[in-house]
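Take 1 as the starting number for the sequence shown in full-length UniProt numbering and just add one per residue.
Glycine residues also receive a C-beta, built at the ideal position from the N, C-alpha and C atoms.
These numbers were taken from a predicted model, which means no experiment stands behind them.
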Amino acid sequence: MFVRPSAARRTDRGARARDRTIRPPGCRSDPFRPDPGAARRPRPAVEPRHPLRPVRPRRHLDDGRGHPGHSGPDRRRALVRGAGRLDRCDRQLPAAEPEPGRRHPGRPRPPGSGRVRDPRAVSGMLIGTHFAASTPLAGHILVVACMGLAVVLGARFVAGLAAGNRNIDAVHAGYLLPTVAVFLILGQSAAGAGWTGLSVAGIGVGVLFWLLLGTIVPARMVFRPALPAALVPTFAIFSAPPAVAGNAWFAFTGGRLDTIQYLLLGTFVLLIAVQAALIGTYWRLPFTLGFWAFTFTVASSGTYALHWLKLAGGPAQPFWGYLSLTLVTVIIGSIAGRSVNLLVRSRSSVSALARA
Numbered sequence: 001m002f003v004r005p006s007a008a009r010r011t012d013r014g015a016r017a018r019d020r021t022i023r024p025p026g027c028r029s030d031p032f033r034p035d036p037g038a039a040r041r042p043r044p045a046v047e048p049r050h051p052l053r054p055v056r057p058r059r060h061l062d063d064g065r066g067h068p069g070h071s072g073p074d075r076r077r078a079l080v081r082g083a084g085r086l087d088r089c090d091r092q093l094p095a096a097e098p099e100p101g102r103r104h105p106g107r108p109r110p111p112g113s114g115r116v117r118d119p120r121a122v123s124g125m126l127i128g129t130h131f132a133a134s135t136p137l138a139g140h141i142l143v144v145a146c147m148g149l150a151v152v153l154g155a156r157f158v159a160g161l162a163a164g165n166r167n168i169d170a171v172h173a174g175y176l177l178p179t180v181a182v183f184l185i186l187g188q189s190a191a192g193a194g195w196t197g198l199s200v201a202g203i204g205v206g207v208l209f210w211l212l213l214g215t216i217v218p219a220r221m222v223f224r225p226a227l228p229a230a231l232v233p234t235f236a237i238f239s240a241p242p243a244v245a246g247n248a249w250f251a252f253t254g255g256r257l258d259t260i261q262y263l264l265l266g267t268f269v270l271l272i273a274v275q276a277a278l279i280g281t282y283w284r285l286p287f288t289l290g291f292w293a294f295t296f297t298v299a300s301s302g303t304y305a306l307h308w309l310k311l312a313g314g315p316a317q318p319f320w321g322y323l324s325l326t327l328v329t330v331i332i333g334s335i336a337g338r339s340v341n342l343l344v345r346s347r348s349s350v351s352a353l354a355r356a
């Protein structure tokens, strides 16, 4: 039999139902009544965000193709900045690691990025030696100044290697240029000026660095991971020391043959054969300005070959001499032409992005 509840019980039951719907879970008190223990509770460690503080919206908008991205002007500026950075990085020849005293010492660089040492000292010594034949005073002054510059730069380079914690993966054949090649050319220039003692000293320092770095570079190539693609062309410098040392020794001995020249000739032939075996590897690489490492090896090897052709004589000597000169000119000219094309294309791409 159904008994209708009284009004008081109905009112009490409705109040409890309303309390259950209003109170949050676990709350035993009236949510609209102040809690006397709230002042004694510890405040949270992190303050909540101010309710009236505006929240900065993200800049990820539609890029025009239905994909999220930066807005139009910001996206164009980011692309132009990125293209400019790639253009500047592509203009730099690869080197081992950040050098001491560089302009931004705190900026991290990946191993192998940077530049090969500036060849102004090498160029100045060779130019001064040729000028000394017509204007001895000016040529000798230029040679001495560039010799001092070569010694200072070489000392700083070696001091940076000794003072810093260098990673073996950052070592490549470009290290031979500011150490081995510079001092061998110093000995050649000193011999051309008639300074015999200085010539022997320069050749000795160059051979010392050749023995030291000539063992480290192949060990890095064999026992460590492969070089980055941008550093692979620097291995062409590994074949340059025999030719550079042979040219310096020819200048010291006045063009005579001896046992040292035969030793250098055998080493030269072997290392040039190594470069010939790597032509396929070089051909598959994308062209960068790092291919200018070939020009030093090609020029020094061509000069050394002309010395030997002159000593060999015979009716075919002019033919082989002109063939060597043509080959050297074609290789260096092709690298120069492709470099100009690369720079023009990079400039045009940056301009197109700036106008977009």
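Practice item. Could you pull the start and end residues of the alpha helix (DSSP H) that residue 331 belongs to? Key: 317-355
Check your understanding: Do the segment 251-266 and the segment 206-213 make contact, defined as three or more Cβ pairs closer than 8 Å?
Key -> no
**Study point:** Through-space distance from residue 307 to residue 261, alpha-carbon basis
**Key:** 11 Å
**Study point:** Boundaries (first-last residue) of the alpha helix (DSSP H) holding residue 167
**Key:** Here residue 167 belongs to no alpha helix (DSSP H), and DSSP marks it neither H nor E.
Review point. Which residues in the same chain have their Cβ closer than 6 Å to the Cβ of residue 304, if we skip the five residues on either side of it in sequence?
Key: 243, 246, 247
Review point. Below 8 Å, can you find three or more Cβ-Cβ pairs linking the segment 188-197 to the segment 168-177?
Key: no
Practice item. Determine, using beta carbons only, whether residue 297 and residue 317 come nearer to each other than 9 Å. Key: no
**Study point:** Beta-carbon proximity list for residue 443, same chain, < 7 Å, skipping 5 on both sides
**Key:** Here the chain comprises residues numbered 1 to 356, so residue 443 is not present and cannot be evaluated.
**Study point:** Under the three-state DSSP convention, the category residue 222 falls into
**Key:** helix
**Study point:** Backbone secondary structure at residue 195 - three-state DSSP
**Key:** coil
Check your understanding: Does the distance from the CB of residue 299 to the CB of residue 332 come in under 9 Å?
Key -> yes
Point to revise | Reduced DSSP secondary structure (H/G/I, E/B, other) of residue 181 | key: helix
Exercise for review: Using beta-carbon positions only, say whether residue 237 and residue 177 come within less than 9 Å of one another.
Suggested key: yes
Check your understanding: By a C-beta neighbour count over all protein chains shown, 10 Å radius and 16 as the cutoff for buried, is residue 203 buried or exposed?
Key -> buried
Check your understanding: With burial defined as no fewer than 16 other Cβ atoms inside 10 Å of the residue's Cβ, what is the status of residue 63: buried or exposed?
Key -> With a pLDDT of only 44 at residue 63, under 50, the local geometry of the prediction cannot be trusted, and the value read off the model is given with reservation. By the neighbour-count rule (16 or more Cβ atoms within 10 Å), residue 63 is not buried but exposed.
Review point. Do residue 180 and residue 139 come within 9 Å of each other at the CB atom, strictly closer than that value?
Key: no
Exercise for review: Please look up how many angstroms separate the CB atoms of residue 199 and residue 252, rounded, as I've assumed it's under 8 Å.
Suggested key: 5 Å
**Study point:** Unbroken alpha helix (DSSP H) run spanning residue 243, endpoints
**Key:** 240-253
Point to revise | residue 277 vs residue 235 beta-carbon contact at 9 Å | key: no
Point to revise | Candidates 219, 163, 175, 339: closest to residue 241 by CA position | key: 175
Exercise for review: Give the range of the alpha helix (DSSP H) segment to which residue 135 is assigned.
Suggested key: Segment: none, residue 135 is in no alpha helix (DSSP H) and carries neither H nor E.
Review point. Going by Cα to Cα distance, which pick from 239, 155, 227 is closest to residue 270?
Key: 239
Practice item. Name the two residues that bound the continuous alpha helix (DSSP H) containing residue 268. Key: 259-277
Exercise for review: Measure the C-alpha to C-alpha separation of residue 150 and residue 355 and round it to an integer number of angstroms.
Suggested key: 45 Å
Practice item. With a threshold of 16 other CB atoms inside 10 Å of the CB of residue 129, please say whether the residue is buried or exposed. Key: buried
Point to revise | Neighbourhood of residue 120 by C-beta distance below 8 Å, restricted to the same chain and skipping five residues each side | key: 146, 149
**Study point:** Endpoints, the alpha helix (DSSP H) within which residue 292 is located
**Key:** No alpha helix (DSSP H) contains residue 292, which DSSP labels as neither H nor E.
Review point. Can you give the Cα-Cα distance for residue 349 and residue 310, rounded to whole angstroms?
Key: 49 Å
**Study point:** Among 320, 135, 329, 314, nearest to residue 294 - alpha-carbon criterion
**Key:** 329
Review point. What distance in whole Å lies between the Cβ atoms of residue 144 and residue 182, which are believed to be in contact at a cut-off of 8 Å?
Key: Going by Cβ atoms, the distance from residue 182 to residue 144 rounds to 15 Å, so no, they are not a contact pair.
Review point. For the alpha helix (DSSP H) that contains residue 124, what are its first and last residues?
Key: 120-131
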